[in-house]
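All you need for my numbering is the position in the sequence shown, starting with 1, plus 50. We treat Cβ as the ideally placed atom computed from N, Cα and C, and that holds for glycine.
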Amino acid sequence: MKKMSHWGKPIALFTVILSTVVGLNAPGTAVTSLPTDNTTESPSNIQLAQGLVGQCRAAKQRIFVYTERSATSQTVRTIGLDEEVTLADSGSAGWIAISSPATGYVQARDLKPCKGGNQPDPGSGAGVCRKVTVAQGLTIRQSASPSAALVGGVLSGNTVKLANPKQSQKDSQGRTWIQITAPKAGWISSGFPDGNLGPEFSCP
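See the structure below:
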């Protein structure tokens with residue numbers, strides 16, 4: 051009564067193999083290869099990650115502050131060993147902007163944590179921005195003076211990011227200067243005393 055035909059065993063074996071193959075190809079069990087990242091980051095690079103505006107860093111050695119993210123650009127000043135700086139952006143291409151003790155760019159690899167901690171000032175958040183309203187746009191200067199070296203410019207309608215903490219100065223003519231960190235680190239004139247910029251708002 052329970053005799054299996056001579057086709058029974060091959061058919062049963064084929065059924066087992068087929069179910070195994072189908073199971074391996076089922077969407078729920080499919081194995082996909084993931085992209086790999088072979089790059090490695092040093093601790094100093096990890097520390098200089100996103101969201102660093104307003105944080106403190108110290109120089110590992112005597113370094114230069116540049117007007118651009120390039121060692122061939124003009125130097126602003128030097129930073130001594132263990133001298134502290136305030137970060138003004140999150141870094142790009144190995145360079146990071148600073149707002150203190152001078153406005154400019156330094157190489158991120160030359161910085162280390164400050165002894166007193168690296169936390170940003172309260173309220174640093176995304177930063178404070180203002181929009182350029184003067185029709186001819188504004189020039190960005192290396193320091194708070196119309197005769198200071200030209201760093202760049204901002205067209206009317208574009209946004210600038212203020213330094214954190216905020217810094218402003220008045221020159222001998224009564225013109226107000228405001229320190230910014232973007233689109234380039236430097237100083238712009240807000241007018242006599244204001245009028246070149248719109249109201250402050252949280253940066254996007």
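> Are there 16 or more other CB atoms within 10 angstroms of the CB of Lys211, so buried, or fewer, so exposed?
Replying inline: buried
>> Using the Cβ count rule (16 or more neighbours within 10 Å means buried), how would you classify Leu137?
In response: buried
> What span of residues does the beta strand (DSSP E) with Pro151 cover, start to end?
Replying inline: Per DSSP, Pro151 belongs to no beta strand (DSSP E) and is neither H nor E.
> According to DSSP, is Arg159 helix, strand or coil?
Replying inline: helix
>> On the CB-based measure, 16 or more other CB atoms within 10 Å of its CB, does Gln111 come out buried or exposed?
In response: exposed
>> Measuring alpha carbon to alpha carbon, tell me which residue in Gly248, Gly245, Ala108 is nearest Val156.
In response: Ala108
> So, is Ser239 buried or exposed, given that buried needs 16 or more other C-beta atoms within 10 angstroms?
Replying inline: buried
>> Starting from Ala232, trace the beta strand (DSSP E) in both directions and tell me its first and last residue.
In response: 226-232
> With respect to the beta strand (DSSP E) encompassing Thr209, which residues constitute its N-terminal and C-terminal limits?
Replying inline: 209-212
>> Our contact map puts Gly154 next to Ile148 with C-beta atoms below 8 Å; I'd like the distance itself, whole angstroms only.
In response: 6 Å
>> For a test of the three-state rule: what should DSSP assign to Gly245, helix, strand or coil?
In response: strand
>> If I measure Cβ to Cβ from Ser123 and keep anything under 7 Å in the same chain, skipping five residues before and after, which residues do I get?
In response: Tyr116, Thr117
> Can you round the beta-carbon distance between Val178 and Leu247 to whole angstroms, since I take them to be within the 8 Å contact cut?
Replying inline: Actually they do not touch by this definition, with Cβ atoms about 11 Å apart.
>> By alpha-carbon positions, which one of Cys106, Gly203, Asn208 ends up nearest to Ser260?
In response: Missing from the structure shown is residue 260; the chain here goes from 51 to 254 and no further.
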